[in-house]
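*Asks:* A single structure is presented below for examination.
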Amino acid sequence: MLTGKVAVVTGASRGIGKGIALALGAKGATVYITGRTVSAGANPLAGTVGETAAEVDRRGGIGIAVPVDHSEDEQVAALFDQVRREQGRLDILVNNAFAIPEDLTDPKPFWEKPLSNWDMVDVGVRSNFVAAWHAVQIMTDQRSGLIVATSGYVGVTYTYGVVFGMCKAAVDRMARDMAIELQPHNVASISLWQGLTLTERARANLARNPEMTKATVTNPGIACSPEFPGLVIAALATDPQLMRRSGGTFITAEYGITDIDGKVIPSLRAQRGAPIWQPIANRGMPA
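Every position in the sequence shown, counted from 1, becomes a number in the numbering used here once 142 is added.
Encoded structure:
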């Protein structure tokens with residue numbers, strides 16, 4: 143259980159972030175939910191920070207909605223000031239916020255997509271660094287904590303486009319190098335790989351383009367729920383050997399956790415590639 147533990151999950155109005163927040167809340171955590179969507183209908187996809195917080199409450203946790211645009215450093219600083227002021231501690235940061243462009247899955251080369259696709263770097267890579275920078279100010283004082291980056295097989299396998307893959311490879315490496323500097327302070331940093339996750343956006347994409355169901359990358363038959371990575375994060379947060387994993391990139395399907403419906407999610411290591419980074423206990427050795 144995570145009763146008494148405090149988590150921040152970024153980009154949790156909907157999608158994977160929402161699923162992680164709900165899973166942590168169901169274990170009793172106090173979860174700060176960030177995102178830009180405050181009013182229903184403001185985004186074509188359903189979900190707001192307030193709705194996620196309310197569902198966390200219903201699951202048995204404490205949900206606290208904080209509207210944050212993770213491209214605005216001042217808003218991020220205010221978020222962590224609020225966490226310190228209200229809780230006095232922070233146990234888990236999940237860096238999930240990502241500026242997904244509407245044309246992400248369009249089969250066009252990078253030069254036929256707009257330069258605004260680079261926004262994925264600002265909210266997807268830089269945002270991870272800024273949030274972690276603030277989080278560790280709290281975690282190092284208490285000499286404990288877990289920082290998780292949500293990533294995927296795209297970190298080593300071409301998926302959807304140039305910028306998307308670059309971003310995920312970057313957060314994997316960032317998680318490892320943060321782990322090296324955080325090790326003396328007993329704070330863990332890891333990256334988690336997801337395959338297809340049946341978020342609101344993924345379901346809409348599959349409905350719009352049924353041909354996607356035939357590809358391994360977007361096969362709903364082997365997909366997981368948005369809560370599945372949250373179940374893995376909850377298990378990691380209570381693992382007494384957590385620091386032995388710090389610095390590693392891990393495939394969530396290989397942790398030994400079943401999905402919320404009891405489904406065993408298959409690892410796609412053989413089909414899509416293996417993580418590069420092992421825990422820093424094995425520093426310098428690729429996976």
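Where is the CB? At the ideal position from N, CA and C, for every residue including glycine.
To the nearest angstrom, report how far apart L324 and R350 are at their CA atoms.
*Replies:* Numbered from its first residue, the sequence shown carries residue 324 at position 182. Numbered from its first residue, the sequence shown carries residue 350 at position 208. So the alpha carbons of these two residues sit roughly 44 Å apart.
*Asks:* Starting from the N-terminal side, write out each stretch of the alpha helix (DSSP H) that is 4 residues or longer and does not extend beyond the segment 160 to 219.
*Replies:* List check, alpha helix (DSSP H) in window: 191 to 201.
*Asks:* Counting only runs that start and end within the segment 262 to 295, where is the alpha helix (DSSP H) found for 4 or more residues in a row?
*Replies:* Entirely contained in the segment 262 to 295, the alpha helix (DSSP H) runs reaching 4 residues are, in chain order, 269 to 284.
*Asks:* I need the boundaries of the alpha helix (DSSP H) containing I434, first residue and last residue.
*Replies:* Because the chain in this structure spans residues 143 to 429, residue 434 falls outside the shown range and cannot be described.
*Asks:* Run through DSSP, which three-state label would A239 get?
*Replies:* Start at 1 with the first residue of the sequence shown, and residue 239 comes out as number 97. Residue state, collapsed to three classes: coil.
*Asks:* Nearest-angstrom Cα distance between S269 and S293?
*Replies:* Taking the sequence shown and counting its residues from 1, one reaches residue 269 at position 127. Taking the sequence shown and counting its residues from 1, one reaches residue 293 at position 151. Their Cα atoms are separated by approximately 14 Å.
*Asks:* According to DSSP, Q383 sits in a beta bridge with which residue or residues?
*Replies:* Taking the sequence shown and counting its residues from 1, the one referred to as residue 383 is at position 241. Q383 is not bridged to any residue.
*Asks:* M427 to Q420, Cα distance in whole Å?
*Replies:* Reading the sequence shown from its first residue, position 285 is the one you call residue 427. Reading the sequence shown from its first residue, position 278 is the one you call residue 420. Residue placement at M427 is poorly supported in this model, since its pLDDT is 44, which falls under 50; the coordinates are not used for a value here.
*Asks:* What is the DSSP secondary structure of L257, counted as helix, strand or coil?
*Replies:* Translated into positions along the sequence shown, residue 257 becomes position 115. Reduced to three states, the DSSP call for L257 is helix.
*Asks:* Quick check on A423: does DSSP put it in helix, strand or coil?
*Replies:* Position 281 of the sequence shown holds residue 423. Residue state, collapsed to three classes: helix.
*Asks:* Less than 7 Å between the beta carbons of V313 and A273, yes or no?
*Replies:* If you number the sequence shown from 1, residue 313 lands on position 171. If you number the sequence shown from 1, residue 273 lands on position 131. Cβ distance not < 7 Å, so V313 and A273 don't count as in contact.
*Asks:* Using only CA atoms, which one of N361, G189, W260 lies nearest to M308?
*Replies:* Position 166 of the sequence shown holds residue 308. Ranking N361, G189, W260 by Cα distance to M308 puts W260 first.
*Asks:* Would you kindly work out how many angstroms separate the C-alpha atoms of V180 and A330, rounded to a whole number?
*Replies:* Indexing the sequence shown from 1 puts residue 180 at position 38. Indexing the sequence shown from 1 puts residue 330 at position 188. Taking the straight line joining both Cα atoms gives about 31 Å.
*Asks:* For the beta strand (DSSP E) containing A149, list its first residue and its last residue.
*Replies:* Looking up residue 149 in the sequence shown gives position 7. Note, A149: beta strand (DSSP E), 148 to 151.
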